[in-house]
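Count along the sequence shown from 1, add 488, and you get the number used in the numbering used here.
Glycine included, every Cβ here is placed at the ideal spot set by N, Cα and C.
Owing to the predicted nature of the structure, the values given are computational and were not obtained by experimental measurement.
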Amino acid sequence: MEAHEWRVDDEMEMKRLGERLGALLAPGDVVLLEGPMGAGKTTFAAGVGMGAGVTQPMTSPTYVLRQEHRGRFRVAHYDLYRLYADPERQETLDLEGVWALGLDDDLAGGAILLIEWPGPLAEEMEAYLRIILRPEGATRTVRAEAFGKRPESILKEWTAS
């Protein structure tokens, strides 16, 4: 596993970091976004969307669970928070409910996947980037972990940009 950390001081910096990543992504790439409520997952995802060419605003899909956006490629943005029986316990994620949202179609159909609150879903993925956001007062630590050859290549290019 390759990993890298950044310190982010504000929302614009968070979006720019996401935008740099989004410019490197292609269909089939999976980005898992972890962190507590208010950590900046949706802000980061919006930046990724901008980098992937999405022009419409990207908001949290908390209530609809999945939103699709078009840019250079299709971007499927998931927020799985409401599929947990208890969000404090990752094992309570309703995995059947996740797959019922069309995740397998998005994986097979050539979309970039952004998944907030992925929990144990990582175990179902072959290759992915895990982004962990940790609030530290007014700033955030953003840790990226790459699992698989393609994500490792993306991480190396992202950290060099």
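Sub-8 Å separation of residue i and residue j beta-carbons
| i | j | result |
| --- | --- | --- |
| residue 516 | residue 537 | no |
| residue 532 | residue 520 | no |
| residue 600 | residue 513 | yes |
| residue 597 | residue 616 | no |
| residue 490 | residue 634 | yes |
| residue 618 | residue 523 | no |
| residue 509 | residue 541 | no |
| residue 608 | residue 579 | yes |
Length of the line joining the Cα atoms of residue i and residue j
| i | j | result |
| --- | --- | --- |
| residue 571 | residue 586 | 7 Å |
| residue 573 | residue 495 | 32 Å |
| residue 500 | residue 534 | 11 Å |
| residue 613 | residue 603 | 12 Å |
| residue 503 | residue 556 | 19 Å |
| residue 507 | residue 631 | 16 Å |
| residue 518 | residue 576 | 23 Å |
Counted within 10 angstroms of its Cβ, other Cβ atoms place residue i as buried (16 or more) or exposed
| i | result |
| --- | --- |
| residue 567 | buried |
| residue 529 | buried |
| residue 552 | exposed |
| residue 594 | buried |
| residue 639 | buried |
| residue 606 | buried |
_the region 543-552 touching the region 561-574, judged by at least three CB pairs closer than 8 Å_ = yes
*Could you give the uninterrupted runs of the alpha helix (DSSP H) lying entirely in the region 533-612, keeping only those of 4 residues or more?*
583-588 and 591-596
_Does the contact criterion of 3 or more C-beta pairs under 8 Å hold for the region 586-600 versus the region 622-641?_
no
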